[in-house]
Every structure is written in C-alpha cells, then in structure tokens.
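Everything below concerns the one structure shown next.
Residue numbers (my numbering), protein chains in the order written: chain A, 1 to 708; chain B, 1001 to 1394.
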C-alpha cells in the first residue's frame, strides 16, 4: 500500500478560532448591556441604535451565528481534515467561506442596530443578507463535500454524520423560513402570515437550536472529547440510534413554542409528544460523551479543557431534559413568556455551547502553536468563574420566571387580578441585577481566556504546514460479513446526505401541509380587515424598534390572561400579519388588545417618557419617533407588496393609499391637539399610535358579545 | 432472578398506595389535582426520586451479591442485609403515604388557604414525601459509601471493580479492563469506538416516552378524553365563577353600582387615595387635577358625578374615551373606596388644573338619580357606545 503525503490547512482553522473569540466577546458584551438596560433603561445612551429592542436581536444573532457559528467552522475545519485524512477541498473556497461569513456578521450588526429587521426571532436579517447567507452556506457545503469525496478514509466517523445533517437541515430551514417579498433593498414582508408564519418561524427557531447549536456541537464533541481524553467512544450502536432518532424527532417539536396559542390543537400536541420523545435521543449524546470518560476521570481533574467539556455535556443533558418538561402544556402555561425560558436557553448557550467552545480552544490553540497553554491556573480560574456565572445567571432567572408567572395568575377571592402588571415588573428588578452579575462573571471568564490564549499564541510558533500521510482509497470496497449494517451508509456520503434530508423533511411537511391547505385550521373572521396604510407604516415602526422582544401579541385562553388583556386571541385575527408578531417574552404586557384601551395622548406621552404614564416602567423612551418623518414614499410599494401576498386591498388601492394615510394621520394629530399636544401629522409617532390603537380591535365587539 | 422478584415486589408496594391515592381523588371528584401544575411537578419529582431509589437499590443488590461484600459479611454477625433494610424502609414509607392519603381529602376541606392552587396539607405533605425520599437516598448513599470504603481498606485495588460493577448494572457495559473485546477495528485520527450495549434504562426510557406520546395523542385526539384548550378554558371560567360567587355571598364586599354608598371612614378614604395614586394618577394627576384624563376636582363631569355614576365609570370604563374598565383589577369594595376618595377632591383647586369638561353636576342631586335614563344593571354591560358618547357630550 502506497502512502500519500498531504498537508492540513491550519490557517483557516486559526482564523475561525480568532473570529470565534472576537465575536464571542462582542456578543456577550452586547448581552450584558441588554441585561443592564432591563433595570437601568438609561444605559441605552438615549440612542435609537442601542435600545433594547435593537440590541437584543444583535445579541442573539451575535452569539448564535457569529460566536457559535465560527466555533462550528473552526471545529469542523480542524476535525474534518483529520477524520478524512485529506486537506480541505479548496483553499479558495475556505477563504470565501471565512471572509463571507465575517461580512455577513458585520452586515448583520450594522443593519440590526439601524433597525433593518424582518421581525422574526433569530431570523431578523433582511433579504439581501439572507441570500448572502445561503451562498456562503453553499460554499461551506461544497468545500465540505469536496473534502469528503477526496477522503483517504473509507468510512465516515459519527462526527461527520452530524456535520452533514447540520449542513442540509440548516439550508432547508433557512431557505423555507426566509421566503419573503422585498419591498425595498432593506425591507421585506414574510411570505407567510399569522398562524402559518408562526408555525414556520418556530419550526425554524426551534431547529436553529437543534441544528445550529446542537448537532454540529455534538459532532465536535464526538471528535474533541475522545481525542482530548484519549479514550474510545463508549458505544457505536448508541451513536447510530441517537443520531437518527435525534434528527428525525427534533424537527417535529417546533410547535412546543406555541402552546396555548392560536395554533391548531393537533399541531400543539405533536409538538408536545415529539418533545417528550426527544429526551432519550438527546441524552444518548450526553451518555456517549460522559461514558467515554470511563476510566479517564483522573484526566478530567488534570486537564482544564476536558473539565470544560464535561460541564458542557452535563449542561446539555440538563437543558435537553428541561426542554421536554417545558414542552408539557401545564408547565408551558407557567413558564412561557417569562424569564424561565431565558434561564433555560442560557443553560444551553453558556453551558453547552460556551463551555464546549472554551474547552476546544484551550486544547486547540496550544496545538496549533506548538506550545503549552500560557497559564493552566488562569484557565482553571476561568472554569470556576464561568461556572459560577452560569449558576448566578440561571438561578435568579428561574426564580424570577416562576414568581412573575405566579403573580400574573393570582386572583383575589373577590375574583380580581391581585397584581397590576407593573407590580410584577418592579418585583423582577433584583433578579435582573443578579442575572447581569452572572453574565458579567461569564464575560470576565471569556476575557481571561482571551488574555491567556493571546499569551500562548505569542510564545508559540504557528504550525502552518502540518504533514500527514495515509494510503489512498482503492476502488471497490468489499464489505465483511461481520460489518454492522450501518457501515454501508457510512461510506456513501451523498446517500447519507439525501437520507438525512428525507428524515428531517418529514416532520415539517406533516405539520405544514394541513395548516396551509386545510381551511378549518385557521377559521376566518369576517370583521378582520387589512391594516390601513398608516397602520401598516406604524406596524413597520413597531417591527423596526423590536417591540416584539418585550411584548407579546398573543393572549392565551387562561382566566388570568383574558381578565388582564381581554378575549383570547383567535387564529383568524392574524391573517394579514406579515410577519406575525406574537413574541415570546412578556417583559412588558401583552399588546394583542391594546387598541382603544388608552387615548392617543396616553400613547404619545408614553413614548416620550414611559414612566410618566406608567410609573416604574422599565421601557426606554422613544423621542426620535416625534422627530422622524414617516417614510411616505414607501407606502405604495408596501401596499403593492401586500397585494401580491394576497392581502385584499381593492385593486388600484395603492393609488389612493397615500391620501388615506394622510387623512388618518390628520385625525390622530387633531385628536392629540384636543389634549394639548401639538404634533405634525407626518411624524412616525402618529403612525405608531395608529397601529397600536388598531391592535385587537377587529373582533372586540364580537368578543364582548360572545362573553355575555 | 432472586433480585428480580424482590424488585417486582417493591414495584407492587410502590404502586398500590399510588393507585389507592388516585381512587381516593376520583371518588371525591377532585380531579382538579391533576390539572394543577404544582401538584404535577411535585408528583413527578416524587416519582423520579422513587425510580432513582429503586434503581439505586438494584445497583446496591448487585454489589451486595458480589464476592467482596459476601466476604465482608462473613465476618459480621449482623445478617439483616442493608438491602433488605432499605427495601423495608421504602415499603414502610409508601404504606405510610397510603395511610396519609386517606386523610388528605378530609383535612383539605378544613383548611382553605391555597399554596400555588394546592391546599396546604397536600403541599406540605408532598414536600414531606420528597424530603423523606431525599433522606432515604442520603442514607443509602452513606451506607453505600461506607461499604465501598471499608472494602477498599479490606481489599486494596478492588474498589475500582466495585465501581464499574454499579455502572455496569445501570449501563450493561463491558468492564473497562475487558473493553478490547468490543473494540471496533476502525481508527479515525486515533479515535476508536467501543460497541457497548445500549444502557437498558435509556432504551426502555425511550420506549416509555414513545408510549407516552402515543397515549397522549389517543387521549386528546382519538378518544378525546383530555380537554383541549378551548374546553379547558370554559371549565376554568366556570369554576372561577362558582368560587367567586360563593365567596361574595359571604362577603361584605358585595357592592355594585346600585347599592354603592359614599364611604366616610377615614381608613376607606386613605385606602382609596392609595389606590388612586397607584392606578389613576397617571391620567388624572396625583391631585386629581387632570392630565390626559379630565379634572376630577371641579363640578363638571363627562359621565355623571354621582357616587353611582363614578362607580360605574370606574367599573366599566369608557373605552372609546380612553378610560379603561377596572373591574378586573379592583374589587367592588376598592372601586367604592376610590369613588369615595374622588368625592373628597371636590373643590380642592389643585395647581395646573385642567379646564372643565362635560356637564355641570349639582351635588344636591345626590339622592335622586342624576340622569333620567336609569340603566338597568344587566343592560349596562353592553351600552351602545355611540349613544352613550353623545349622551356624555350632549
């Protein structure tokens, strides 16, 4: 057998590692600022660009797609080459991939702070960036498959199964969820509306967690954990079963984010049962990771990287047990919309993704630079300060969530709500403070790591040319009779990709098709009418300012919610909502039936200074809405786009839309004048008031009658 | 097989009281326990802990059966093995649950105060059970540790084997020393794979969740015994009405716009003031001078200035004019207190008072109904908005 010599591409790995560290620090810092704003609203520097509604999406996008994203590529580029005994397919593609991804991140950061957003959680980026993401993702896949084709290892190791599943599923999720009609270069409307949009969005959102934060990191675990611990993987059979079960079941679980909403009952139930079934496949990964360390626990004590990995895998186990519990309807009724969910995701993000990344970096950087870690002691400190940070973050948030939910649901014996919403907000402040301390500790740990790694890099010399050798693959493979049946697909990468795609497509198709095709799933309501042009403009301001990050628009059928907010939300109310704005968190109250609750002047004053109308409010002021003019020129394009989406504006309405808009704006300005507020009718505040006053009004009359 | 039988009897012992408990509940018609989230949470903690105890004791049995323990016990006269003791303890524990469960409902009726929707007895009782379970686990762990430790002293080097035995009984794994026998022949960049069996608890746990999923779907969507959210909401509202009505019958709180009277007690007025500052001041000013909402200190009223009118305005609101209905936030008594406080504001002439709005209201007319259109209580709630608006403006 002739050995072939080849070189690994370490440079791309190094660049992705640097990007991981940089964006990790940025993402965590932005998260910390957002956390502080919850008790010190003035820490937004009174700039539109740094308000909570804009930097919260910046934080989530930065940590998910920039920090974890680069972490994935770092780990994949390192492990893939070695597992396949081949250099990456194309240096040019690697370069395009790296720089393309960084350009996407920078564009994302800029557009999000400028308020260019689609208003769909974790998919906020506008259509030009969506297209760019698709292209770069294809480059990644091309580069990966090119490498796989040129491999010198017959069978694909379990880590690579996870990489392939990640590649196809993320592509599917991103493309399906991002279908939108452009209005202008930085503005689009989701192709889906209301219930359908919600279902697609959370199918995407949930599986972004599954296939961006989980499966690629499981792949990394399967490479780095046995590698660092120098132990064989515990069970090959467990790998097979938990891989296929995981990717098949995960896709179905999206509707568990929409329990007790206007989504059809059967879809909710599917979300529940598939989440429950996910416990074992998720834990399969944890077990296989932890039991790989059998007989090597002494190494965990001595190796700081391994310590991080162990906590990461444990956090993964905790989060994936808690997830299915939160998917039970009775638990969701308590936890949804509260900080409990925030705690849950951070156990996953800080524990699983954060610690896994740190662990890998502590092992990888000294290897790439052929030296020892600058300070083991500092790394150990990072481990403890990071763990403490996670605990200090999660515990107050769990407590806060449970407490706030209990307060929301409290009734006096006379049958009145016991607490005003504001009471439940002010009670949260101490917890928010504690949480930001936890977050700050975690960030401090990351800074310590950065310092430690920079010192390491300075001492070492980069291993630019790493040589290896392996025999070439020879033609036909003759399988042995003792081979496990699964070996077949392990030597057929294309088939593996296709089968994965089929497996992950099933759940989504079964949930979507009936909701899109069977009318009874979304009963129409005759009194629900399209938004007026002014309301539509106001809605776009609502989306731009990220109001959905703190306010829901979905009243669940509970006594405590109908008493506080009014009749519970019906599927038919949202048929013109491109995109839906149900939200997932109630830092402020639900707004689904806000319309008509307060006078126009109340809203005006509230936007100037929220505390003037609701003392104790932690909402930031929005003074620029008073100054900025409504983008009247866009009205025609917006109406036309809506018409193309099937919103029934009469034919030719776009021609009179502007006039309609001005008339309605004048009415509101006159209304404000009566209460002594002078404003020009073309200001954004007027459009926003128009939208807020419309919310939930379409069925208000009917709802009242139904109650009697 | 001896083990298996013991475990079986243990399971039966656990199940019996649980079944009894369920029947008790059903007989009393209080199936509401099972729709209470706190109850379900506590119950699942209890069950999970019980399973851990059972699993632990089976691991315990495994060690107990191993050579080194036998050797150890040869030297000891005390032959009531710890496992038996533990199992006895568990059975005792669960039969005590059964006994106490009988009393639960009886006691619950006496004490009406609720913790998270659970009566105090059930709540504390369940916490107690959890505590006992934790105690049992602690004891077991302590004993276990003790055994292993004494063993280390007795036979050095065998501790490691003891450890892998527990793990093996839970995971069905091949011992680390013998893992070469299940090592696969692949080598991926130095990473090898073992071919251990699936851990039995994991495998059966997976089957169990699939079963739960199927039962869940059948329950809610095939035979329809479970309530979907619409039905659940109707039941919740009906129950709330029953509870509130029952409370109101016995409560002095039961005032409405027909029976409300001006309250003169200083305590009522000061409570009214606090409520006003908390809820009304944002729109009507801290002194009632009016900001977004109208001035409440002058003699002009948009919707009538009698006690009954003000009560009505607060209770049902004038949504079109920006006054929200407060009946879900304030109790009738509280609305009466706020009303009475507002009546004390008359003529206080606060600074920055808003210009008068509405119609002049003469205080003398308090006794007689101020408006000729006395609206009956039941029709009040669906006031035709346009009419009432124009009536307000006149």
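We put the CB at the ideal spot given by N, CA and C, even for glycine.
### Task
Note down, in chain order, all residues in the region 419 to 436 of chain A with a beta-carbon under 7 Å from any beta-carbon belonging to chain B.
For chain B, the residues of the region 419 to 436 of chain A that bring a beta carbon within less than 7 Å of one of its beta carbons are 420, in chain order.
### Query
Which first and last residues belong to the beta strand (DSSP E) in which residue 376 of chain A is found?
Per DSSP, residue 376 of chain A lies in no beta strand (DSSP E) segment; the continuous alpha helix (DSSP H) that holds it begins and ends at 376 to 409.
### Neighbour flag for residue 609 of chain A against chain B, beta carbons, 7 Å
Taking CB atoms only, residue 609 of chain A has no neighbour in chain B less than 7 Å away.
#### Entry: Interface positions of the region 1192 to 1210 of chain B facing chain A (Cβ-Cβ less than 7 Å), listed along the chain
Residues passing the 7 Å Cβ filter: 1192, 1193, 1194, 1195, 1196, 1198, 1199, 1202, 1205, 1206, 1209, 1210.
### Query
Quick one: does residue 1287 of chain B have its CB under 7 Å from some CB of chain A?
No, its Cβ sits nowhere closer than 7 Å to a Cβ of chain A.
### Query
How big is the Cα-Cα spacing for residue 2 of chain A and residue 85 of chain A?
Each residue's Cα considered, the two are about 14 Å apart.
### Query
What does a CB cutoff of less than 8 Å around residue 182 of chain A pick up in its chain, not counting 5 residues either side in sequence?
Exclusion of the five residues before and after residue 182 of chain A leaves 127, 188, 641 as the residues of its chain whose Cβ lies within less than 8 Å of its Cβ.
### Message
Measuring alpha carbon to alpha carbon, tell me which residue in A:11, A:174, A:604, A:698 is nearest residue 567 of chain A.
### Response
For residue 567 of chain A, the nearest C-alpha among the options comes from A:698.
### Message
I'd like the span of the alpha helix (DSSP H) that includes residue 465 of chain A, first residue to last.
### Response
Residue 465 of chain A -> not in any alpha helix (DSSP H); beta strand (DSSP E) instead, spanning 465 to 471.
### Query
Measuring CA to CA, which of A:400, A:369, A:418, A:375 is closest to residue 464 of chain A?
It is A:369 whose Cα lies nearest to the Cα of residue 464 of chain A.
### Query
At which residues does the beta strand (DSSP E) containing residue 608 of chain A begin and terminate?
Segment 600 to 608 is the alpha helix (DSSP H) holding residue 608 of chain A; no beta strand (DSSP E) there.
### Task
Pull up the distance between the alpha-carbon of residue 551 of chain A and that of residue 415 of chain A, whole angstroms please.
Straight-line Cα distance between these residues: approximately 26 Å.
### Task
State the Cα-Cα distance for the pair residue 520 of chain A and residue 571 of chain A, rounded to the nearest angstrom.
Residue 520 of chain A and residue 571 of chain A: Cα-Cα distance of roughly 10 Å.
### Task
Establish whether the CB of residue 1126 of chain B and some CB of chain A are separated by less than 7 Å.
Not one chain A Cβ lies under 7 Å of residue 1126 of chain B.
### Query
Counting contacts by CB-CB distance shorter than 7 Å, is residue 720 of chain A in contact with chain B?
With chain A covering only 1 through 708, there is no way to say anything about residue 720 of chain A.
### Query
Count the other CB atoms within 10 Å of the CB of residue 1023 of chain B; is the residue buried (16 or more) or exposed (fewer)?
Because residue 1023 of chain B sits at a pLDDT of 41, beneath the cut-off of 50, its placement in the model cannot be relied upon, and the following sentence gives the value as read from the coordinates. Classification of residue 1023 of chain B: exposed, given that the 10 Å Cβ count is below 16.
### Message
Once the 5 residues before and after residue 341 of chain A are set aside, which same chain residues still bring their CB inside 8 Å of it?
### Response
For residue 341 of chain A, where only same-chain residues beyond five positions count, the Cβ hits under 8 Å are 326, 335, 401, 584, 585.
### Query
So, is the C-beta of residue 1331 of chain B closer than 7 Å to a C-beta in chain A?
Yes, residue 1331 of chain B counts as interfacial toward chain A.
### Message
Any contact between the region 28 to 44 of chain A and the region 489 to 501 of chain A? By contact I mean 3 or more CB pairs, one from each, below 8 Å.
### Response
Contact between the region 28 to 44 of chain A and the region 489 to 501 of chain A is absent, because fewer than three Cβ pairs lie under 8 Å.
### Close Cβ partners of residue 78 of chain A (< 7 Å) along its chain, the five nearest in sequence each way excluded
For residue 78 of chain A, same chain residues with a beta-carbon under 7 Å away, outside a window of 5 residues either side, are 13, 364 in chain order.
### Exposure of residue 230 of chain A, with buried meaning 16 or more beta-carbon neighbours within 10 Å
In the assembly as shown, residue 230 of chain A is an exposed residue. Its beta-carbon has fewer than 16 other beta-carbons within 10 Å.
### Message
Please classify residue 1185 of chain B as buried or exposed, where buried requires at least 16 other C-beta atoms within 10 Å of its C-beta.
### Response
The residue in question, residue 1185 of chain B, is exposed, as its Cβ has fewer than 16 Cβ neighbours within 10 Å.
### Query
Candidates B:1120, B:1142, B:1203: which alpha carbon is nearest residue 1171 of chain B's?
Of the listed residues, the one whose Cα sits closest to residue 1171 of chain B is B:1203.
### Task
Note down the Cα distance separating residue 307 of chain A from residue 1052 of chain B, rounded to an integer number of angstroms.
Going by the C-alpha atoms only, they are around 26 Å apart.
### Message
When you compare the CB of residue 570 of chain A with every CB in chain B, is at least one pair closer than 7 Å?
### Response
Taking Cβ atoms only, chain B never reaches closer than 7 Å to residue 570 of chain A, which makes this a no.
#### Entry: Neighbour-count burial assignment, residue 148 of chain A, 16 or more Cβ in a 10 Å radius
Flag for residue 148 of chain A reads buried.
### Query
Which runs of the alpha helix (DSSP H), 4 residues or longer, sit entirely within the region 1261 to 1302 of chain B?
Whole alpha helix (DSSP H) segments, 4+ residues: 1266 to 1275, 1281 to 1284.
#### Entry: Neighbourhood of residue 547 of chain A by C-beta, 7 Å cutoff - its chain only, sequence neighbours within 5 removed
Taken in chain order, the residues that qualify are 53.
### For residue 8 of chain A, three-class secondary structure by DSSP
Reduced to three states, the DSSP call for residue 8 of chain A is strand.
### Message
Suppose the cutoff is 6 Å on Cβ atoms and the five residues either side in sequence are ignored; what does the same chain contact list for residue 611 of chain A look like?
### Response
Taking C-beta separations shorter than 6 Å and ignoring five residues to either side along the sequence, the partners of residue 611 of chain A in its chain run 617, following chain order.
### Message
So with CB distances below 8 Å, who are the chain B contacts of residue 269 of chain A?
### Response
Chain-order list of chain B residues neighbouring residue 269 of chain A: 1216, 1217, 1220, 1221, by C-beta distance under 8 Å.
### Query
Using the beta-carbon of each residue, which ones in chain A are nearer than 7 Å to residue 1283 of chain B?
From the beta-carbon of residue 1283 of chain B, the residues of chain A found nearer than 7 Å are 602.
### Query
So is residue 217 of chain A buried or exposed if we call it buried at 16+ other beta carbons inside 10 Å?
The residue is buried, with at least 16 neighbouring Cβ atoms inside 10 Å.
### Task
Report buried or exposed for residue 10 of chain A, applying the criterion of at least 16 other Cβ atoms within 10 angstroms of its Cβ.
Residue 10 of chain A comes out buried.
### Three-state secondary structure assigned by DSSP to residue 366 of chain A
Note: residue 366 of chain A maps to helix in three-state DSSP.
#### Entry: 9 Å Cβ cut-off: residues of chain B touching residue 155 of chain A
For residue 155 of chain A, the residues of chain B that pass the 9 Å Cβ criterion are 1186, 1188, in the order they occur in the chain.
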